[in-house]
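Student:
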Amino acid sequence: MPSRAGADGLGAFSYYDHVYLPESQKELVWSHRGVRYKTQLVFRVNGKRKTEAFLFVSVAGAWKPVALADGTPVDGKVDTYERAVTEILGPAETFFASVFSAQGKRPLSAYKNGEIKTLLADLLGLDEVRAQGGRAAEVAKLLKSGLGVIRQEQAQAVEALATLARQVDAGRGLPAQVEAARLAKQRAAEADTAAKSSVALLAGEAQAASATEARRVELQTSRTQLTREHAAAAGRLDAEASRLEQRRAVLRQRVAGRGREHAARLQRLEGQVKLLRQVAARWARVQWAVHRLPVAEEVAEARAERVAAAQAEVVRLEAQRARQVLLRQGVEAMDREAGQLAVRQADLSRRFGLVDRVPCSGTDLQGRCQLLGDAREAQALVPSVEAQLAAIGQRKQQAQQELAALGAELDTFGAACERRNRCEVALEAAQARQRALAALVAAAAEVQQAQSALVAVEEELNGLPMDAAAETEEEAAERAEQDASQRRMTEERERLQVALDQSLSALALQEQALPAPFDQGRLAQARQASTVAAERLRDAEGAELSAVRQHEQWLALGRQTDALREQQDCMDRRSATVERELSVWTLLAKCLSNDGVVALDIDDAGPTFSALANDLLLACYGPRFTLEVITQTATAKGELREDFDIVVHDGMRGESKSLKLVSGGERVWINECLTRAIALYLSSNTGRQFGTLFCDEADGPLDPDHKRMFMDMKREVLRLGQYAREFYVSQTPELTAMADCVIDLDALAREVAAEA
Numbered sequence: 001m002p003s004r005a006g007a008d009g010l011g012a013f014s015y016y017d018h019v020y021l022p023e024s025q026k027e028l029v030w031s032h033r034g035v036r037y038k039t040q041l042v043f044r045v046n047g048k049r050k051t052e053a054f055l056f057v058s059v060a061g062a063w064k065p066v067a068l069a070d071g072t073p074v075d076g077k078v079d080t081y082e083r084a085v086t087e088i089l090g091p092a093e094t095f096f097a098s099v100f101s102a103q104g105k106r107p108l109s110a111y112k113n114g115e116i117k118t119l120l121a122d123l124l125g126l127d128e129v130r131a132q133g134g135r136a137a138e139v140a141k142l143l144k145s146g147l148g149v150i151r152q153e154q155a156q157a158v159e160a161l162a163t164l165a166r167q168v169d170a171g172r173g174l175p176a177q178v179e180a181a182r183l184a185k186q187r188a189a190e191a192d193t194a195a196k197s198s199v200a201l202l203a204g205e206a207q208a209a210s211a212t213e214a215r216r217v218e219l220q221t222s223r224t225q226l227t228r229e230h231a232a233a234a235g236r237l238d239a240e241a242s243r244l245e246q247r248r249a250v251l252r253q254r255v256a257g258r259g260r261e262h263a264a265r266l267q268r269l270e271g272q273v274k275l276l277r278q279v280a281a282r283w284a285r286v287q288w289a290v291h292r293l294p295v296a297e298e299v300a301e302a303r304a305e306r307v308a309a310a311q312a313e314v315v316r317l318e319a320q321r322a323r324q325v326l327l328r329q330g331v332e333a334m335d336r337e338a339g340q341l342a343v344r345q346a347d348l349s350r351r352f353g354l355v356d357r358v359p360c361s362g363t364d365l366q367g368r369c370q371l372l373g374d375a376r377e378a379q380a381l382v383p384s385v386e387a388q389l390a391a392i393g394q395r396k397q398q399a400q401q402e403l404a405a406l407g408a409e410l411d412t413f414g415a416a417c418e419r420r421n422r423c424e425v426a427l428e429a430a431q432a433r434q435r436a437l438a439a440l441v442a443a444a445a446e447v448q449q450a451q452s453a454l455v456a457v458e459e460e461l462n463g464l465p466m467d468a469a470a471e472t473e474e475e476a477a478e479r480a481e482q483d484a485s486q487r488r489m490t491e492e493r494e495r496l497q498v499a500l501d502q503s504l505s506a507l508a509l510q511e512q513a514l515p516a517p518f519d520q521g522r523l524a525q526a527r528q529a530s531t532v533a534a535e536r537l538r539d540a541e542g543a544e545l546s547a548v549r550q551h552e553q554w555l556a557l558g559r560q561t562d563a564l565r566e567q568q569d570c571m572d573r574r575s576a577t578v579e580r581e582l583s584v585w586t587l588l589a590k591c592l593s594n595d596g597v598v599a600l601d602i603d604d605a606g607p608t609f610s611a612l613a614n615d616l617l618l619a620c621y622g623p624r625f626t627l628e629v630i631t632q633t634a635t636a637k638g639e640l641r642e643d644f645d646i647v648v649h650d651g652m653r654g655e656s657k658s659l660k661l662v663s664g665g666e667r668v669w670i671n672e673c674l675t676r677a678i679a680l681y682l683s684s685n686t687g688r689q690f691g692t693l694f695c696d697e698a699d700g701p702l703d704p705d706h707k708r709m710f711m712d713m714k715r716e717v718l719r720l721g722q723y724a725r726e727f728y729v730s731q732t733p734e735l736t737a738m739a740d741c742v743i744d745l746d747a748l749a750r751e752v753a754a755e756a
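Counting along the sequence shown from 1, when you hit position 650 you're at 650 in the UniProt record's numbering, and nothing is skipped either side.
1. Taking Ala-97 as the reference, give the member of Glu-213, Tyr-681 and Ala-408 with the closest Cα.
2. For Met-711, does the count of other Cβ atoms within 10 angstroms reach 16, so buried, or fall short, so exposed?
3. Classify Trp-669: buried if its beta carbon has 16 or more other beta carbons within 10 angstroms, exposed otherwise.
4. Considering only DSSP beta bridges, list what Val-35 is partnered with.
5. For Ala-67, which residues in the same chain have their Cβ closer than 7 angstroms to its Cβ, ignoring the five residues on either side in sequence?
6. Are at least three pairs of beta-carbons, each pair with one atom in the stretch 649 to 666 and one in the stretch 576 to 588, less than 8 angstroms apart?
7. Express the C-alpha separation of Phe-644 and Ala-137 in angstroms, rounding to a whole number.
8. Using three-state DSSP, classify Glu-332 as helix, strand or coil.
9. Which residues does DSSP pair with Ser-656 in a beta bridge?
10. Check Val-662 in the structure and name its three-state DSSP category.
11. Could you check where the alpha helix (DSSP H) with Ile-88 kicks off and where it finishes?
12. In this structure, how does DSSP classify Ser-546 when only helix, strand and coil are distinguished?
13. I'd like to know whether the C-beta atoms of Gly-133 and Cys-591 end up nearer to each other than 9 angstroms.
14. For the beta strand (DSSP E) containing Ser-101, list its first residue and its last residue.
15. Span of the alpha helix (DSSP H) holding Asp-705?
16. Along the chain, where does the alpha helix (DSSP H) that runs through Cys-423 open and close?
17. Within 10 angstroms of its Cβ, does Lys-50 collect 16 or more other Cβ (buried), or is it exposed?
18. Please identify the residue among Gln-320, Ser-24, Ala-319 and Ala-387 whose C-alpha is closest to the C-alpha of Gln-345.
19. When the Cβ atoms of the stretch 306 to 315 are set against those of the stretch 414 to 434, are three or more pairs found closer than 8 angstroms?
20. Just the Cα atoms here: how many angstroms apart are Pro-623 and Cys-741?
21. Should the stretch 731 to 739 be called in touch with the stretch 695 to 708, which here means at least 3 C-beta pairs below 8 angstroms?
22. Who are the near neighbours of Lys-185 in its chain, counting only those whose CB is closer than 6 angstroms to its CB and skipping five residues on each side?
23. Using a Cβ-Cβ cut-off of 6 angstroms (strictly less than) and excluding sequence neighbours within five positions of Met-1, which residues of its own chain qualify?
24. Residue 777 to Lys-196, Cα distance in whole Å?
25. Smallest Cα separation from Asn-671: which of Leu-640, Arg-172, Arg-243 and Ser-610?
26. Judging by CA-CA distance, which residue of Gln-722, Glu-245 and Ser-198 is the nearest neighbour of Gln-482?
27. Looking only at its own chain, which residues have a Cβ that is under 7 angstroms from the Cβ of Glu-511, when we skip the five neighbours before and after it?
28. Would you say the stretch 147 to 154 touches the stretch 518 to 538, given that touching needs at least three Cβ pairs under 8 angstroms?
29. Got a sec, what are the start and stop residues for the beta strand (DSSP E) Asp-696 sits in?
30. In whole angstroms, what separates the C-alpha of Ala-442 from that of Ala-296?
31. Please state whether DSSP places Arg-106 in a helix, a strand or coil.
32. Go ahead and pull the three-state DSSP assignment for residue 761.
33. Taking a contact to mean a Cβ-Cβ separation below 9 angstroms, would you say Asp-169 touches Ala-533 in this structure?
34. Of all the options Phe-56, Leu-293 and Gln-340, which has the alpha carbon lying nearest to the alpha carbon of residue 765?
35. For Glu-240, which residues of its own chain have a beta-carbon under 7 angstroms away from its beta-carbon, when the five flanking residues on both sides are left out?
Now the structure itself:
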């Protein structure tokens, strides 16, 4: 509803702001030109919102879905439903700007230029013109897009031509490169032929010298064989010499080992003698320890008894010391207890002293006096507190006497500790002396064994010579045999060397008698030169082939450049054609737009529309206001431009101003006159007739007098437009009383409730 939406368009109002159930429905049965319709809207809110809109038509008492002009049925889709309603009632903007007037809807004075022209174009039946203009604009848009593509292709072609031109200019020296490559290949082929001829000539010479080379190889083989045999014989002699040297080393090691064993034995015996003599020298001290050990044991036992007695005295004094600490703590506790009892005694004395000062003493009230009772209770407790204080004093005196006795006894505690420490030091010294004597007594058997062994070791040492023999007879014979083997191997080595030298000299004489050998290096160099010449020939052939291919590519670039120039000329012609067509279609779209034919028709219809509105104003408000429709305004340069405005001429004030600038109440009835003028124009000029008008609380801002004029205007509209009726909603009792028929919804609700 316009009064709820506050703006135009489908998105200005949402039923989902007013539904609460998972599925809600809204049904409306209405008629137009004698045909009954039913609108059914279904709103679903199940996590995802979904709206279904159905439109049915009554056919023979049954509801059937409405079909569009193209045969499409209204099957629940919102856009299909909107199209069907538009085909029946016209555009929603026109309907709510003419037939249905609501308080909250946007007034005509707030419409923009394009919106008002769209509305008036619909009133004038210019939809087809605007549609043609839209199609022309679409064609112009497509042409403009195509022109952009063509211009982009032209730019790419220009860039490609520039690139090809640079490549063609860079390749102008390719024909000369092809000729140079051909000459280089020819020279390489001649060099390759000469190198192959040289290789063939040298190969013939090498084949002729093959017999001589075979004899030379045979002599070299014999020299190698002799050298190998001599090396084998020398190797055998070397192996035998190595074994002989190993035997010499073993002999030397055996002689040296015997000397080391003799020296080690001599050194071991001397060490034993020295050690045994040291042990035997302790015999006198061991005898002395045997006699002194019993005395040392008795001394240690006596000193241990002294330590035990001193320790017992210290333990007894420590117990007395702990008793002293406990007594002192008890005295302190008795002092605290005596202090508390003294405080209590003073409090009881104070309370007992109230007996003489209490005024109720000796009267009838003394039995109920709390202070007097408290004083007498204190009197009974005073002897008990005094007895406790006396007992505490007696216990404290006894404790102090015991503390004095303990103090005199504990004065000897330091001397007792010192005496115990001296006894412990003396005990440790006696025990150390006892352990030393016991160790000497335990070594008596060891000293006796050392004395017995010393005699035997000295005899063995005296019978051993100071130096070992240099060499035994067996070792001397083995050394003589080794010297003879060494001389034999030397003679054999000299004989083998003489035989080798003689054989090598004979082979050298035979080799010198042969002719000079063929130089294989010349053949190898010739073959290498032939290989290099063949590689250069292949490189020259490849260079010629590459130059020919580049030349062919350069020629292809020239042909491609010519084809691209022809394509560019074709694109230029196409671009010119599209530009001409674009200007034509752009002009046609502008002519068929709101600023073209539509604006001209609006200019033609402006006086008629103004006359209808002025007739309504004259019928209800008198000759004060006159409206004028302005479709063109002058710019700052004095030029005219397309615009739309409604100028209000006020005959009473003698001024003219735009409808946007008039007061609120005046704007209401002027807008209502304009709305109904649109309805009258719609019914008289377009054939789109409605039998009923609607008004929803549009009289809110008016005062009572103007509301009555407002009702007169409504009746004039019904008369001029030959409407059957107008339904209007009003909260004003005066307007309700002026209605031909009143629909009281509250009364209907009460009747329904009573019937139920």
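Note that CB positions come from ideal geometry on N, CA and C, so glycine has one too.
Tutor: Here's the rundown:
1. For the purposes of this step, residue 97 is taken as the residue at position 97 of the sequence shown. Checked all of Glu-213, Tyr-681 and Ala-408; the closest Cα to Ala-97 is Tyr-681.
2. Locating residue 711 in the sequence shown gives position 711, counting from the first residue. By the neighbour-count rule (16 or more Cβ atoms within 10 Å), Met-711 is buried.
3. Within the sequence shown, residue 669 is the residue found at index 669, counting from 1. When all chains shown are included, Trp-669 counts as buried.
4. Numbered from its first residue, the sequence shown carries residue 35 at position 35. His-32, per the DSSP bridge assignment.
5. One-based indexing of the sequence shown puts residue 67 at position 67. For Ala-67, where only same-chain residues beyond five positions count, the Cβ hits under 7 angstroms are Pro-73.
6. no
7. Stepping through the sequence shown from its first residue, residue 137 is reached at position 137. Stepping through the sequence shown from its first residue, residue 644 is reached at position 644. Those two C-alpha atoms are separated by around 23 angstroms.
8. Locating residue 332 in the sequence shown gives position 332, counting from the first residue. Helix, per DSSP.
9. Counting from one through the sequence shown, the residue named residue 656 turns up at place 656. Answer by DSSP bridge pairing, in chain order: His-649.
10. One-based indexing of the sequence shown puts residue 662 at position 662. Of the three classes helix, strand and coil, the one that applies to Val-662 here is coil, per DSSP.
11. Taking the first residue of the sequence shown as position 1, residue 88 is located at position 88. 78 to 89 is the span of the alpha helix (DSSP H), which, as asked, contains Ile-88.
12. Taking the first residue of the sequence shown as 1, we reach residue 546 at position 546. Of the three classes helix, strand and coil, the one that applies to Ser-546 here is helix, per DSSP.
13. Position 133 of the sequence shown, counted from the start, is the residue given in the question as residue 133. Position 591 of the sequence shown, counted from the start, is the residue given in the question as residue 591. A contact, by the Cβ cut-off of 9 angstroms.
14. Residue mapping note: residue 101 aligns to position 101 of the sequence shown, counting from 1. Unbroken beta strand (DSSP E) run through Ser-101: 100 to 102.
15. The residue you call residue 705 lines up with position 705 of the sequence shown. Its alpha helix (DSSP H) spans residues 704 to 721.
16. Counting from 1 along the sequence shown, the entry for residue 423 is found at position 423. Note, Cys-423: alpha helix (DSSP H), 413 to 442.
17. By 1-based counting over the sequence shown, the position of residue 50 is 50. Counting Cβ neighbours within 10 Å, Lys-50 comes out exposed, since fewer than 16 surround it.
18. To locate residue 345, count along the sequence shown from 1; it is residue 345. Closest by alpha carbon: Ala-387.
19. yes
20. Within the sequence shown, the letter at position 623 stands for residue 623. Within the sequence shown, the letter at position 741 stands for residue 741. Cα to Cα, the separation comes out at about 30 angstroms.
21. yes
22. Locating residue 185 in the sequence shown gives position 185, where the first residue counts as 1. For Lys-185, where only same-chain residues beyond five positions count, the Cβ hits under 6 angstroms are Ala-540, Glu-541 and Glu-544.
23. Position 1 of the sequence shown holds residue 1. Because Met-1 sits at a pLDDT of 49, beneath the cut-off of 50, its placement in the model cannot be relied upon, and the point is left open.
24. With the chain covering 1 to 756 only, the question about residue 777 has no answer from this structure.
25. Position 671 of the sequence shown, counting from 1, holds the residue named residue 671. Nearest option by C-alpha distance: Ser-610.
26. To locate residue 482, count along the sequence shown from 1; it is residue 482. Of the listed residues, the one whose Cα sits closest to Gln-482 is Glu-245.
27. If you number the sequence shown from 1, residue 511 lands on position 511. Correct list, in chain order: Arg-216 and Leu-219.
28. no
29. Against the sequence shown, residue 696 aligns to sequence position 696. Run containing Asp-696: 692 to 696, per the beta strand (DSSP E) assignment.
30. To locate residue 442, count along the sequence shown from 1; it is residue 442. To locate residue 296, count along the sequence shown from 1; it is residue 296. Spanning the two alpha carbons is a distance of roughly 15 angstroms.
31. For the purposes of this step, residue 106 is taken as the residue at position 106 of the sequence shown. Three-state DSSP puts Arg-106 in coil, outside helix and strand.
32. For residue 761 there is no data in the structure shown, the boundaries of the chain being 1 and 756.
33. For the purposes of this step, residue 169 is taken as residue 169 along the sequence shown, with counting starting at 1. For the purposes of this step, residue 533 is taken as residue 533 along the sequence shown, with counting starting at 1. No. Outside cutoff.
34. Beyond the ends of the chain as shown, which are 1 and 756, falls residue 765; an answer cannot be given.
35. Walking along the sequence shown from the start, residue 240 turns up at place 240. Once the five neighbours on either side are set aside, the close Cβ partners of Glu-240 are Met-489.
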